[in-house]
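Novice: So the sequence lines, in the order shown, correspond to chains P and Z. The opening position of the first sequence corresponds to residue 0 in numbering that gives the first Met the number 0, with each subsequent residue numbered one higher. The opening position of the second sequence corresponds to residue 0 in numbering that gives the first Met the number 0, with each subsequent residue numbered one higher. Even glycine gets a Cβ: it sits at the ideal position worked out from N, Cα and C.
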Amino acid sequence: MTEHINQKKFKSMSRRELLKLTPMVALGAFAIPQLQAPLLKAGVGFSDWASGVLFRSGHLAPTFTDAEVAPFDKFPVNDYDVDDPEIDLNNWKLTVAGSVEKPGQYTLAQIQSLPKITQNTRHVCVEGWDVIGNFGGARLSDFLKMIGSATLAPYVTVECADDYYESLDMATALHPQTLLCYEMYGKPLTREHGAPLRLQIPTKIGYKQAKYLTKFEVASELYRVGYWEDQGYSHFYGL
Amino acid sequence: MASHVVEIEDAKTGEVTQAVYEHPFIVRLCHWVNAISLFVLVGSGLQIFRAFPSFGAKIPQKDLIHWPKAFAIGGWLGGALQWHLTFMWIYIASGLLYVGYQLFSGNYKQILFVPRDVPGVWPMVRHYFFFGPKPASKEAYNPLQKHAYTSAIVLGLLSVLTGIAIWKPVQFSWLAWMMGGFHYARLWHFLIMWALIAFVFGHLVMVVLHGWSNFVSMFTGWKKDPEYRPE
Numbered sequence: 000m001t002e003h004i005n006q007k008k009f010k011s012m013s014r015r016e017l018l019k020l021t022p023m024v025a026l027g028a029f030a031i032p033q034l035q036a037p038l039l040k041a042g043v044g045f046s047d048w049a050s051g052v053l054f055r056s057g058h059l060a061p062t063f064t065d066a067e068v069a070p071f072d073k074f075p076v077n078d079y080d081v082d083d084p085e086i087d088l089n090n091w092k093l094t095v096a097g098s099v100e101k102p103g104q105y106t107l108a109q110i111q112s113l114p115k116i117t118q119n120t121r122h123v124c125v126e127g128w129d130v131i132g133n134f135g136g137a138r139l140s141d142f143l144k145m146i147g148s149a150t151l152a153p154y155v156t157v158e159c160a161d162d163y164y165e166s167l168d169m170a171t172a173l174h175p176q177t178l179l180c181y182e183m184y185g186k187p188l189t190r191e192h193g194a195p196l197r198l199q200i201p202t203k204i205g206y207k208q209a210k211y212l213t214k215f216e217v218a219s220e221l222y223r224v225g226y227w228e229d230q231g232y233s234h235f236y237g238l
Numbered sequence: 000m001a002s003h004v005v006e007i008e009d010a011k012t013g014e015v016t017q018a019v020y021e022h023p024f025i026v027r028l029c030h031w032v033n034a035i036s037l038f039v040l041v042g043s044g045l046q047i048f049r050a051f052p053s054f055g056a057k058i059p060q061k062d063l064i065h066w067p068k069a070f071a072i073g074g075w076l077g078g079a080l081q082w083h084l085t086f087m088w089i090y091i092a093s094g095l096l097y098v099g100y101q102l103f104s105g106n107y108k109q110i111l112f113v114p115r116d117v118p119g120v121w122p123m124v125r126h127y128f129f130f131g132p133k134p135a136s137k138e139a140y141n142p143l144q145k146h147a148y149t150s151a152i153v154l155g156l157l158s159v160l161t162g163i164a165i166w167k168p169v170q171f172s173w174l175a176w177m178m179g180g181f182h183y184a185r186l187w188h189f190l191i192m193w194a195l196i197a198f199v200f201g202h203l204v205m206v207v208l209h210g211w212s213n214f215v216s217m218f219t220g221w222k223k224d225p226e227y228r229p230e
């Protein structure tokens, strides 16, 4: 049985249905300049939270055969400032500070005395390119033991010779594939790849994998996150 | 499915027009939230693409397309990622709510393309593209429309899955593997975007061709004087 109504009734019915869509106006907040930045920050924050939840300590990043590794000269170099911050490689030391039992200066030889790990993993850049490389170094988790780190501290931070800086969540720092990397393709790191020591983290985006390390800290709080993060990039960016 | 139909009587002329309640509230809400989020995701996605406008190896880099900045959202890579990482959740939420509602309400039967719709596709193509006669229909959506809407939903799902494979190629390495690896996942994500843009283009052409009362129905739910005879 079809209902008969007049035009006025139809208009009021239509208006009522249209008004139901008013919650849509909330999306308009993204167009208001004062609200846009905090809303986007919340969106990225939510993505970071989801990334943290999705991260699994025991899940390994895919590894590849030697045949799948890109030739060394096809491994791209991205820097933010200089290709070579002119570190004096002979006198280089890593300054260790923060919530650790043995702070101080660590030489490359000390880091190289830890069990050496080599792995063929994928490096993914935030720009969208990726490359499979061969990396060698010490497990960051072994180094954390060496320096007597409080593993319950939530963060690890690094500072670099080119004034770059980065931070890592402890779960990622303890991941078995997270390396203090001093070798690529079986040879000591070249200057443009971060000599003498860089982070290599197959479970993180490229910009997290800082080069030219000079300072390493175990921190309970972050007063800054990272060079790119502090300009608006994702804080966690786990892969 | 019985539609909600009314007959509207013009007080002056006594003329009677039929109107059918075609789009439930949830469908309308999801439609517009999805339209806005797709717009933002395409715009910011193209800005992200500008950072490495290619597929394959970085060295030697061969830029595939120079996409103009004027047709992108976010201003720079970091800004575009903020839009993308925010609106992907809105896109997913509206998609889940829509699909969930369609399944729960049974409304999906209106638009789901099923094998018995296949014979009706060619007559509709003939009508739209070669000025053939318009096939009569008792349904709100003709076979070609069903095909388009069903495809759009499948593309939406694939856009999310390929996106997850790019965003989380380690945690969801199996997903990236299924798509042929990280490289291909990124390429699929890009191609699916263009397929969705093609759908939207066709959709907008149809909206223009079908006139005002059809357009209004996506706001009010009510379509005046429908071209089909609802049962």
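Tell me which residues of the region 214-229 of chain Z have at least one Cβ-Cβ distance to chain P shorter than 7 Å, keeping chain order.
Specialist: Hits within the stretch, in order: 218, 219, 220, 221.
Novice: In angstroms with no decimal places, state the Cα-to-Cα distance between residue 220 of chain P and residue 152 of chain P.
Specialist: 9 Å
Novice: Decide if residue 10 of chain P is buried, meaning its Cβ has at least 16 other Cβ atoms within 10 Å, or exposed.
Specialist: exposed
Novice: Pull the bridge partners of residue 121 of chain P from the DSSP assignment, please.
Specialist: DSSP output for residue 121 of chain P lists P/131 as bridge partner(s).
Novice: If you draw a straight line from the C-alpha of residue 99 of chain Z to the C-alpha of residue 226 of chain P, how long is it?
Specialist: 42 Å
Novice: What ranges does the beta strand (DSSP E) occupy inside the region 141-184 of chain P, keeping only unbroken runs of at least 3 residues that lie completely in it?
Specialist: 154-159, 164-168, 178-183
Novice: Assuming contact is defined by CB atoms lying nearer than 8 Å, are residue 97 of chain P and residue 217 of chain P in contact in what I supplied?
Specialist: Yes.
Novice: For residue 62 of chain P, name the three-state secondary structure that DSSP assigns.
Specialist: strand
Novice: Taking the CB atoms as reference points, tell me whether residue 119 of chain P and residue 68 of chain P lie closer together than 8 Å.
Specialist: yes
Novice: Got a sec: which bits of the region 163-180 of chain Z sit with their beta carbon under 7 Å from any beta carbon on chain P, in order along the chain?
Specialist: 167, 168, 169, 170, 172
Novice: Have a look at Z/82, Z/165, Z/8 and flag the residue whose alpha-carbon is nearest the alpha-carbon of residue 26 of chain P.
Specialist: Z/82
Novice: Counting only beta-carbon atoms, is residue 5 of chain P nearer than 8 Å to chain Z?
Specialist: Interface residue, yes.
Novice: So what does DSSP say about residue 208 of chain P, is it helix, strand or coil?
Specialist: Correct three-state label for residue 208 of chain P: coil.
Novice: Residue 208 of chain P to residue 202 of chain P, Cα distance in whole Å?
Specialist: Looking at the two C-alpha atoms, the distance is approximately 10 Å.
Novice: Whose C-beta lies closer than 7 Å to the C-beta of residue 193 of chain P among residues of the same chain, with five residues either side of it excluded?
Specialist: 210, 211
Novice: Which bits of chain Z does residue 60 of chain P rub up against, with CB to CB less than 8 Å?
Specialist: 169, 172
Novice: Let me know the secondary structure DSSP gives residue 4 of chain Z once reduced to three states.
Specialist: strand
Novice: With the cut-off set at 8 Å, would you say residue 162 of chain Z and residue 188 of chain Z are in Cβ contact?
Specialist: Against a cut-off of 8 Å, the Cβ pair of residue 188 of chain Z and residue 162 of chain Z comes out as a contact.
Novice: Please list the terminal residues of the continuous beta strand (DSSP E) segment that includes residue 2 of chain P.
Specialist: 2-5
Novice: Which chain Z residues sit within Cβ distance under 7 Å of residue 202 of chain P?
Specialist: For residue 202 of chain P, the chain Z residues whose C-beta falls within less than 7 Å of its own C-beta are 169, listed in chain order.
Novice: Measuring CB to CB, does residue 66 of chain Z end up less than 8 Å from residue 52 of chain Z?
Specialist: Judged by their CB atoms, residue 66 of chain Z and residue 52 of chain Z are nearer to each other than the 8 Å cut-off.
Novice: Looking at chain P, is there any beta carbon in it that lies within less than 8 Å of the beta carbon of residue 12 of chain Z?
Specialist: Chain P contact via Cβ: absent.
Novice: I need the straight-line Cα distance from residue 61 of chain Z to residue 55 of chain Z, nearest angstrom please.
Specialist: 9 Å
Novice: To the nearest angstrom, how far is the alpha carbon of residue 235 of chain P from that of residue 36 of chain P?
Specialist: 18 Å
Novice: Using CA atoms only, rank isn't needed, just tell me which of P/93, P/132, P/70 is closest to residue 156 of chain P.
Specialist: P/93
Novice: Note down the Cα distance separating residue 86 of chain P from residue 62 of chain P, rounded to an integer number of angstroms.
Specialist: 31 Å
Novice: Would you kindly work out how many angstroms separate the C-alpha atoms of residue 124 of chain P and residue 20 of chain Z, rounded to a whole number?
Specialist: 49 Å
Novice: Threshold first: 4 residues or longer. Then list the alpha helix (DSSP H) segments lying entirely within the region 7-60 of chain Z, N to C.
Specialist: 24-50
Novice: For chain Z, is any of its Cβ atoms less than 8 Å away from the one on residue 75 of chain P?
Specialist: yes
Novice: Among P/40, P/30, P/136, which has the Cα closest to the Cα of residue 39 of chain Z?
Specialist: P/30
Novice: Below 7 Å CB to CB, which residues in the same chain sit around residue 30 of chain Z once its five sequence neighbours on both sides are set aside?
Specialist: 217
Novice: Helix, strand or coil for residue 161 of chain Z per DSSP?
Specialist: helix
Novice: Taking the alpha carbon of residue 165 of chain P as the point to measure from, which residue in P/51, P/232, P/45, P/2 has its own alpha carbon closest?
Specialist: P/232
Novice: Should residue 44 of chain Z be labelled buried (16 or more other beta-carbon atoms within 10 Å of its own) or exposed?
Specialist: Of the other Cβ atoms in all chains shown, 16 or more fall within 10 Å of the Cβ of residue 44 of chain Z; this residue is therefore buried.
Novice: Do you know whose CA, among P/74, P/19, P/171, P/21, lies nearest residue 248 of chain P's CA?
Specialist: An answer regarding residue 248 of chain P cannot be provided, because it is not within the stretch 0 to 238 covered by chain P.
Novice: With a threshold of 16 other CB atoms inside 10 Å of the CB of residue 318 of chain P, please say whether the residue is buried or exposed.
Specialist: Given a span of 0 to 238 for chain P in the structure shown, any question on residue 318 of chain P remains unanswerable.
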